[in-house]
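See structure below.
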Amino acid sequence: MADVVIVDYGAGNLRSVARAVAHAGFEPLVTAEASAIPAARALIVPGVGAAEDTMAHLRQGGLDGPIVDYIASGRPFLGVCMGMQALFELSEEGGRHECLGVLGGRIVRFPFGMTVPHMGWNTVHLERPHPVFEGIAQDDYFYFVHSYHGVPEDHSVVIGSTEYWGVTFPAVVGRDNFIATQFHPEKSGRSGLRLYANFLRLALEHGSIAPAATTAS
Amino acid sequence: MPRKRVRRVLTKRIIPCFDVADGRVVKGVSFVELRDAGDPVELARKYDLAGADELVFLDITASSDARTSVYDMIRRTCDQVFIPFTVGGGVRSVQDIRLMLEAGAEKVSVNTAAIERPALIEEGAKGFGSQCVVVAIDAKRAGEGRWRVYTHGGRRETERDAVEWAREAVERGAGELLVTSMDSDGHQQGYDLKLLRAISDAVDVPVIASGGAGEPSHLYDALTEGGADAVLAASIFHFGTHTIQSIKAYLTERGVPIRPVMPA
Numbered sequence: 074m075a076d077v078v079i080v081d082y083g084a085g086n087l088r089s090v091a092r093a094v095a096h097a098g099f100e101p102l103v104t105a106e107a108s109a110i111p112a113a114r115a116l117i118v119p120g121v122g123a124a125e126d127t128m129a130h131l132r133q134g135g136l137d138g139p140i141v142d143y144i145a146s147g148r149p150f151l152g153v154c155m156g157m158q159a160l161f162e163l164s165e166e167g168g169r170h171e172c173l174g175v176l177g178g179r180i181v182r183f184p185f186g187m188t189v190p191h192m193g194w195n196t197v198h199l200e201r202p203h204p205v206f207e208g209i210a211q212d213d214y215f216y217f218v219h220s221y222h223g224v225p226e227d228h229s230v231v232i233g234s235t236e237y238w239g240v241t242f243p244a245v246v247g248r249d250n251f252i253a254t255q256f257h258p259e260k261s262g263r264s265g266l267r268l269y270a271n272f273l274r275l276a277l278e279h280g281s282i283a284p285a286a287t288t289a290s
Numbered sequence: 044m045p046r047k048r049v050r051r052v053l054t055k056r057i058i059p060c061f062d063v064a065d066g067r068v069v070k071g072v073s074f075v076e077l078r079d080a081g082d083p084v085e086l087a088r089k090y091d092l093a094g095a096d097e098l099v100f101l102d103i104t105a106s107s108d109a110r111t112s113v114y115d116m117i118r119r120t121c122d123q124v125f126i127p128f129t130v131g132g133g134v135r136s137v138q139d140i141r142l143m144l145e146a147g148a149e150k151v152s153v154n155t156a157a158i159e160r161p162a163l164i165e166e167g168a169k170g171f172g173s174q175c176v177v178v179a180i181d182a183k184r185a186g187e188g189r190w191r192v193y194t195h196g197g198r199r200e201t202e203r204d205a206v207e208w209a210r211e212a213v214e215r216g217a218g219e220l221l222v223t224s225m226d227s228d229g230h231q232q233g234y235d236l237k238l239l240r241a242i243s244d245a246v247d248v249p250v251i252a253s254g255g256a257g258e259p260s261h262l263y264d265a266l267t268e269g270g271a272d273a274v275l276a277a278s279i280f281h282f283g284t285h286t287i288q289s290i291k292a293y294l295t296e297r298g299v300p301i302r303p304v305m306p307a
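Keeping their order, the protein sequence lines are chains C and F.
Each residue of the first sequence is one higher than the last, beginning at 74 in the working numbering.
Each residue of the second sequence is one higher than the last, beginning at 44 in the working numbering.
This is the structure:
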């Protein structure tokens, strides 16, 4: 069984995510098999597209339960873009769609009148240090492409935030063993590659991505 | 020491474009003369490191027997380049879009096929999300404040008004528009700012300006007066006239939000 598992639920291009993992020196398993999830030591759920399709694909593939169970087991998890939004309770994209419910809160659209998608490079302001951002500058640039964003119930899950047309939204959320980004680190040049490398090294060498007790506030 | 204040805004994108024919980069001058400027993957790598924000590949051969070279180029680029790239040219069907995305393209641009069968935009947006469907519009002036859409690499005139088509494309699900002025393309005398302004005012998705960049001030004008979110250029970069870094420095000095070029 592979240590690094990338969940393929049929929603587009996972090749760049797999390449970013390979660039960090690890060999990922890209799979749609739910049975690969419990054995993973680092689980990555990427994704683009719409919430409804994402959730439908995850449920049809029997992947939703195993992902939630994996996160609950305390092992390292990275969600990217739709893989972040799916962690919330509910998405308002194209109606109201129940998501995985790992995080309290909703996914809402940017206000009408703004240019959407929010597409391009924007800065991520870290609200607290996190080991996955080791070596990455405060207010560094990452590549975003999305029209909806998270509104968490509990602000303490926000690790980094980004501002677009006066709207500040969570760019990075997480707690203990899981972290998820609204931006695409696999499309964010060297800083994004560093994020993958940090996540994978912490996950596979230390079995934990949690901030050390000494740095926790 | 006062801490340098970081402007927390979405930056404007600088996008080198590669016209690709049979796996080699070429650049048309007003869509006719072609000059060879190298291997696409090598150039892509070079521009990633040089600070390009995104890349666009337009396959201008687009003959069906040469298609496999495009997928191979996309896969090789995806292996080595970690910034987003768009691929277009000769995209006819949802299956074409799927294959390009699976090979590693971030976005796929559609042009002629979308005009001939606009439902392709909806199908692409529904299947893969609006964010990866770019509608490319080749427009030519047809009177004051009016532009006509051309297809088939600029060879065929259509009945479509460019601004109306832009609006319709977005309603159908385009996540971004790549707007090329055929009057300006290849002449390096500046983008068609009126065209850009008319389209960027008409839609709420990002607009990429294309056609006519010869000087850094042209990019500035497109991003300010033209209202574009991104600027695409080819010759200005490929033939060493200007570097990404020098253009970014120019734009930053003038207050345009730009992602700085990171030291190697």
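Here a beta-carbon is modelled for each residue, glycine too, at the ideal position from N, C-alpha and C.
Predicted, not measured: the structure shown is a model, and the values here were computed from it.
The shortest CA-to-CA distance from I110/C to any of V245/C, G134/C and V189/C is the one to G134/C. C-alpha of V189/C to C-alpha of L238/F: approximately 20 Å in a straight line. In the three-state reduction of the DSSP assignment, I57/F falls in the strand class.
By the C-beta criterion, the stretch 149–156 of chain C is judged to be in contact with the stretch 264–283 of chain C, since at least 3 inter-stretch pairs fall below 8 Å. With contacts defined as CB atoms closer than 9 Å, Q174/F and H219/C qualify as a contacting pair. Near chain F, meaning a CB-to-CB distance below 9 Å, the residues of the stretch 174–196 of chain C are F185, G186, M187, T188, V189, P190, H191, M192, G193, W194, N195 and T196. A direct Cα-Cα distance of roughly 16 Å separates G233/C from G239/C. Per the DSSP secondary-structure output, T254/C pairs in a beta bridge with V153/C and V245/C. The DSSP assignment places complete beta strand (DSSP E) segments of no fewer than 3 residues inside the stretch 215–282 of chain F at 219–224, 250–253 and 273–276, in order along the chain. As summarised for the stretch 131–171 of chain F, the continuous alpha helix (DSSP H) elements at least 4 residues long and confined to that stretch are 137–146, 155–159 and 162–171, given in chain order.
Contact check for G178/C against P225/C passes: the beta carbons are separated by less than 9 Å. The shortest C-alpha to C-alpha distance from D122/F to any of A87/F, R141/F and A241/F is the one to A87/F. A276/F is a Cβ neighbour of S253/F, given a cutoff of 9 Å. The alpha carbon of P300/F has as its nearest neighbour, out of A123/C, Y214/C, R263/C and A129/C, the alpha carbon of Y214/C. CA-to-CA, the gap between S261/C and E207/F works out to about 34 Å. Between the beta-carbon of V181/C and that of E165/C there is about 5 Å, and that keeps the pair under the 8 Å contact cut.
Using beta-carbon distances, R215/F does not count as an interface residue toward chain C, since no partner is under 9 Å. In the three-state DSSP reduction, M187/C falls in the coil class, being neither helix nor strand. Within chain C, S89, R92, A93, H96, E259, K260, S261, G262, R263, G265 and L266 have C-beta atoms less than 8 Å from the C-beta of F125/F, given in sequence order. Contact between the stretch 135–145 of chain F and the stretch 88–103 of chain F is absent, with fewer than three C-beta pairs closer than 8 Å. Excluding sequence positions up to five before and after V230/C, its CB lies within less than 7 Å of the CB of L176, V246, G247 and R248, all in the same chain and listed in chain order. D122/F belongs to the set of residues whose beta carbon lies under 9 Å from a beta carbon in chain C.
Taking 8 Å as the upper bound for CB-CB distance, S112/F and D65/F are in contact here, some 6 Å apart.
Rounded to whole angstroms, Y114/F and H281/F show a C-alpha spacing of 23 Å. Contact holds between the stretch 256–269 of chain F and the stretch 224–233 of chain F, because three or more Cβ pairs, one in each stretch, are under 8 Å apart. Taken in chain order, the members of the stretch 99–122 of chain C whose beta-carbon sits within less than 8 Å of a beta-carbon on chain F are V121 and G122. Counting the other Cβ atoms within 10 Å of the Cβ of R88/C gives 16 or more, which makes it buried. Using a CB distance cut-off of 9 Å, D244/F does not count as an interface residue toward chain C. A buried status is given to E149/F, since no fewer than 16 other beta-carbon atoms sit within 10 Å of its beta-carbon. By the beta-carbon neighbour count (other beta carbons within 10 angstroms, threshold 16), R189/F is exposed. Here T286/F has A93 as same chain residues with Cβ atoms under 7 Å from its own Cβ, once five neighbours each way along the sequence are excluded. Secondary structure note for F272/C: its alpha helix (DSSP H) is the uninterrupted segment G262 to R274. Within chain F, the residues whose beta carbon sits less than 8 Å from that of E236/C are R51 and V52, listed in sequence order. In chain order, V231, I232, G233 and S234 place their CB closer than 8 Å to the CB of E200/C, counting only its own chain and leaving out the 5 sequence neighbours on each side. Residue environment for D137/C: buried (at least 16 other C-beta atoms within 10 angstroms of its C-beta). For S112/F, the enclosing alpha helix (DSSP H) covers residues R110 to Q123.
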